[in-house]
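Numbering (the working numbering), first residue to last: 9 to 204.
The C-beta atom is built at its ideal place from N, Cα and C for all residues, glycine as well.
Below: the structure, in structure tokens.
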């Protein structure tokens, strides 16, 4: 039965318990299969560490390298990968059953702007007091918003009621592929008049 190792736990030097390991030198050269003690001696002679890089292989694969430098490079790669990830933000735009036309248009423009920026938008209709008896008005407001922004976003989660609020979540549509460039029209070149 093979023992699986958590990805965060890398065995180095004396932590390697296999009876024999396949060793790769610091420049990538194959040093062969040997006892981990012999591989550690080779690594110590070079002033480096013996690091188990493929623990589930048979025999486990170890590499002679500077472990501190390896960890630094790995952390640097993870940081760069995290920096490239786009954080999706959920913007919330609130309406009331009595929202007038100008405010409605203003808020729809904001929703369109958020969707163009790639954010998700949560459209909320808030009810107070006796307004909760007119949920059909809230439903109509959300449907009007969805219709107005259909070109910019899709409905991720349809209209639902949560407490005194009614809401829907809109997702930005994926940006269309960049427009194809127009081919350059070549102007016919007339031959230069020859001097006779």
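Contact between residue 132 and residue 103 holds: CB atoms are separated by about 7 Å, below the 8 Å threshold. Residue 113 carries a helical assignment under DSSP once its states are collapsed to helix, strand and coil.
Rounded to the nearest angstrom, the gap between the Cα atoms of residue 147 and residue 114 is 19 Å. The three-state secondary structure of residue 84, taken from DSSP, is helix.
Per DSSP, reduced to three states, the secondary structure at residue 178 is strand. Between residue 96 and residue 157, the CB-CB gap reaches or exceeds 9 Å. Here residue 145 is not near residue 182, since their CB atoms are 9 Å or more apart. Between residue 138 and residue 94, the alpha-carbon positions lie close to 42 Å from each other. The bridge partners DSSP lists for residue 58 are 72. Looking at 25, 152 and 74, the one whose alpha-carbon comes closest to that of residue 167 is 152. When rounded, the separation of the alpha-carbon atoms in residue 55 and residue 21 is 12 Å.
In terms of Cα proximity to residue 173, the closest of 127, 27 and 100 is 100. In this structure, DSSP gives residue 46 a helical state, which the three-state scheme calls helix. A direct Cα-Cα distance of roughly 22 Å separates residue 134 from residue 123. Annotation: the continuous beta strand (DSSP E) that includes residue 161 extends over 161 to 170. Around the beta-carbon of residue 109, fewer than 16 other beta-carbon atoms lie within 10 Å, marking it exposed. In this structure, the straight-line span from the alpha carbon of residue 177 to that of residue 37 is close to 55 Å.
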